[in-house]
Structures are given as structure tokens and as C-alpha cells.
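Participant: The structure that follows is given in the form of C-alpha cells.
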Amino acid sequence: MSTPTGDADAYAVRAIRPDEWEAVKQLRLDALRDPVAHIAFLETYDEALARPDSFYRERAIGSGEGSGTARQFIAETPGGSWAGTVTVLLEQAGTTDWAGCPVERRQGHVVGVFVRPEHRANGLIGMLLDAGVAWAWRQRAERVRLFVHADNTRAQGAYRKAGFGPSGLVVSFSKDEAENELEFVRTR
Ligand SMILES: CC(C)(COP(=O)(O)OP(=O)(O)OC[C@H]1O[C@@H](n2cnc3c(N)ncnc32)[C@H](O)[C@@H]1OP(=O)(O)O)[C@@H](O)C(=O)NCCC(=O)NCCS
9 MSTPTGDADA YAVRAIRPDE WEAVKQLRLD ALRDPVAHIA FLETYDEALA RPDSFYRERA
69 IGSGEGSGTA RQFIAETPGG SWAGTVTVLL EQAGTTDWAG CPVERRQGHV VGVFVRPEHR
129 ANGLIGMLLD AGVAWAWRQR AERVRLFVHA DNTRAQGAYR KAGFGPSGLV VSFSKDEAEN
189 ELEFVRTR
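For reference, each letter of the sequence shown is one residue, going 9 to 196 in my numbering.
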């Protein structure tokens, strides 16, 4: 079921439950079929499809209600389908993040951002990001950051509207590519 655009209040934004791994997997696979997936995500559809169910079970537990290290939020339509998602990882000062970059402060790191095409341009992404940021503040994060590809101008527009802006840090996630991942930050 699809919710009409322009009616973001019709969605329920909530954290996933630890047992919802099958829906987590399906939404991820759908995200990886997006035309901009190659610049939006760090794995391919085939890689995600090949992962065993245990991977998704563990991921749902690790980012579901009750986890202190990550939280995945989804937007549910009145019909119960999932329209979009963001995940926030809690990073600790003095550690190295999943991309190999040093972490200098306690912060949230937004990953896995996806809104199904029929639910875009209606404010939903702002609701999802606000939910993720609010969770990070409750975990006493000093700031929330994310990386967005230089060519992903639509995502950059959505992040700016949600209060994020470029920090000036630009990195590469691949030895074969130029530095093209922009760090965007939202502070309290
Ligand atoms: C990124 C994403 C979640 C944003 O949600 P959305 O509902 O599309 O975002 P919005 O439409 O609210 O905001 C995008 C803004 O960029 C603008 N925009 C759209 N296409 C654009 C383009 N090609 N170039 C520049 N700006 C663009 C829009 O006009 C809008 O700004 P406005 O509301 O001031 O007009 C969604 O597009 C998506 O899932 N994309 C595929 C996956 C992805 O890229 N994830 C992010 C990985 S970092």
C-alpha cells in the first residue's frame, strides 16, 4: 500500500524490533536496486542477497529496540508496509569507524538512508532523520554525521533541509576512487 505524498503525518516512524529481520532484509535489497545505489551504498545487491539469514537476524538484533550501539528507524504506512529507513550507529571517541576513519568524539553516524520512490519529496526523510538524531542525542552524542557522495545531489539536498551541512572533510571509501565522499554534520 502506498501513502499519498505530501502527507508525512500518515507515517509511523519507529525503531525496528529485533525480530523484524525479514523486513529489514527486503527493504535493504530494494534499496540496493535504486538507480543511485552504486553511489549511495557500500555493497551491491548481489552481495546483500548472498548473505545468510543469520546476518540479517544479527543485524536486526544489533540495531533494534534495546541495542545501545545502533538503532534502525523505519517509517510504516497505515497499511503496515515500510516506506523508508535510516540507521544511526553510535561511535565512541578513540575508536576507528567502519570505514577506517578515526573517531574523535562520541557521535552518531547515519547510514543506510533510503526512502522508496513513491514516498519521496513529502517530508518523510526529515521525520526519519529527526528520529535518528533524537536517539543519538539521548545517547549523549556530541554531534551526528554521515557521508554522502559528491554526485548524490538529491540526498545532499535532503540532508541540508534536515539541518546537516558539510564539515569540510572529504574521504574516499575505495583505493580506486578519488576522494568523493563528503562528511555532513548536524550539531545540537
Ligand atoms: C536520499 C533520499 C532518502 C532523500 O529523500 P527524498 O524524499 O528524495 O528527499 P527530498 O525530496 O525531501 O529532498 C531532496 C531535495 O533535493 C532536491 N533535489 C532533488 N533532486 C535533485 C537533484 N538531482 N539535484 C539537486 N537537488 C535535487 C529536491 O528538490 C529537494 O529539495 P527541495 O525540497 O528544497 O526542493 C531519497 O531520495 C533516496 O532514498 N534516494 C536513494 C538512496 C540514497 O541516495 N540514499 C542516501 C545515501 S547517502
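Glycine is no exception: its CB is placed at the ideal position from the N, C-alpha and C atoms.
Because the structure is a prediction, the values reported are computed rather than measured.
1. Quick one: is D61 near chain D, going by C-beta distance under 9 Å?
2. Please report the straight-line C-alpha distance between W145 and A158, rounded to a whole angstrom.
3. From this set, D17, A166, F192, S182, which residue's C-alpha is nearest T85's C-alpha?
4. Verify whether the separation of the beta carbon atoms of P125 and D42 is less than 9 Å.
5. Using a Cβ-Cβ cutoff of less than 6 Å, which residues in the same chain neighbour A166 once the five nearest sequence positions on both sides are dropped?
6. Check Q164 in the structure and name its three-state DSSP category.
7. Mind checking who W90 pairs with in its DSSP beta bridge?
8. Any idea if L57 is buried or exposed, counting beta-carbon neighbours within 10 angstroms, 16 or more meaning buried?
9. Alpha carbon to alpha carbon, what distance is there between T93 and Q34?
10. Can you determine whether any heavy atom of ligand 1 sits closer than 8 Å to the C-beta of G165, and answer yes or no?
11. State the Cα-Cα distance for the pair S263 and S75, rounded to the nearest angstrom.
12. Is K183 close to ligand 1? I mean its beta-carbon at under 8 Å from any heavy atom of the ligand.
13. Does ligand 1 have even one heavy atom less than 8 Å from the beta-carbon of H117?
14. Whose CA, out of A45, E66, A83, lies closest to the CA of H127?
15. What whole-angstrom Cβ distance do E189 and V178 have, given they're in contact under 8 Å?
16. Where DSSP assigns a beta bridge to H117, which residues make up the other side?
17. Can you find the residues in the same chain that come closer than 7 Å, C-beta to C-beta, to V21, ignoring five residues on each side of it along the sequence?
Facilitator: On the basis of the data shown:
1. In the structure shown, chain D does not exist; there is a single protein chain.
2. Along the sequence shown, one-based indexing puts residue 145 at 137. Along the sequence shown, one-based indexing puts residue 158 at 150. Rounded to the nearest angstrom, the two C-alpha atoms are 27 Å apart.
3. Stepping through the sequence shown from its first residue, residue 85 is reached at position 77. The shortest C-alpha separation from T85 is found at D17.
4. On the sequence shown, position 117 is the one that residue 125 refers to. On the sequence shown, position 34 is the one that residue 42 refers to. For P125 and D42, yes; Cβs fall inside 9 Å.
5. One-based indexing of the sequence shown puts residue 166 at position 158. Excluding positions up to five away in sequence, the list reads I133.
6. To locate residue 164, count along the sequence shown from 1; it is residue 156. In this structure, Q164 counts as helix in the three-state DSSP scheme.
7. As a first step, residue 90 is located in the sequence shown; it is residue number 82 there, counting from the start. The partner list for W90 (beta bridge, DSSP) reads E84.
8. The residue you call residue 57 lines up with position 49 of the sequence shown. L57 comes out exposed.
9. Numbered from its first residue, the sequence shown carries residue 34 at position 26. Numbered from its first residue, the sequence shown carries residue 93 at position 85. Between Q34 and T93, the C-alpha separation is close to 12 Å.
10. Start at 1 with the first residue of the sequence shown, and residue 165 comes out as number 157. At least one heavy atom of ligand 1 is nearer than 8 Å to the Cβ of G165, so yes.
11. For residue 263 there is no data in the structure shown, the boundaries of the chain being 9 and 196.
12. For the purposes of this step, residue 183 is taken as residue 175 along the sequence shown, with counting starting at 1. No, the beta carbon of K183 sits no closer than 8 Å to any heavy atom of ligand 1.
13. Numbered from its first residue, the sequence shown carries residue 117 at position 109. Result no, Cβ not under 8 Å from ligand 1.
14. Here residue 127 refers to the residue found at position 119 of the sequence shown. Of the listed residues, the one whose Cα sits closest to H127 is A83.
15. Counting from 1 along the sequence shown, the entry for residue 189 is found at position 181. Counting from 1 along the sequence shown, the entry for residue 178 is found at position 170. So it is a contact: roughly 7 Å between Cβ atoms.
16. Counting from 1 along the sequence shown, the entry for residue 117 is found at position 109. DSSP lists L97, R153 as partners of H117.
17. Along the sequence shown, one-based indexing puts residue 21 at 13. Excluding positions up to five away in sequence, the list reads F81, A83, M135, L136, A139.
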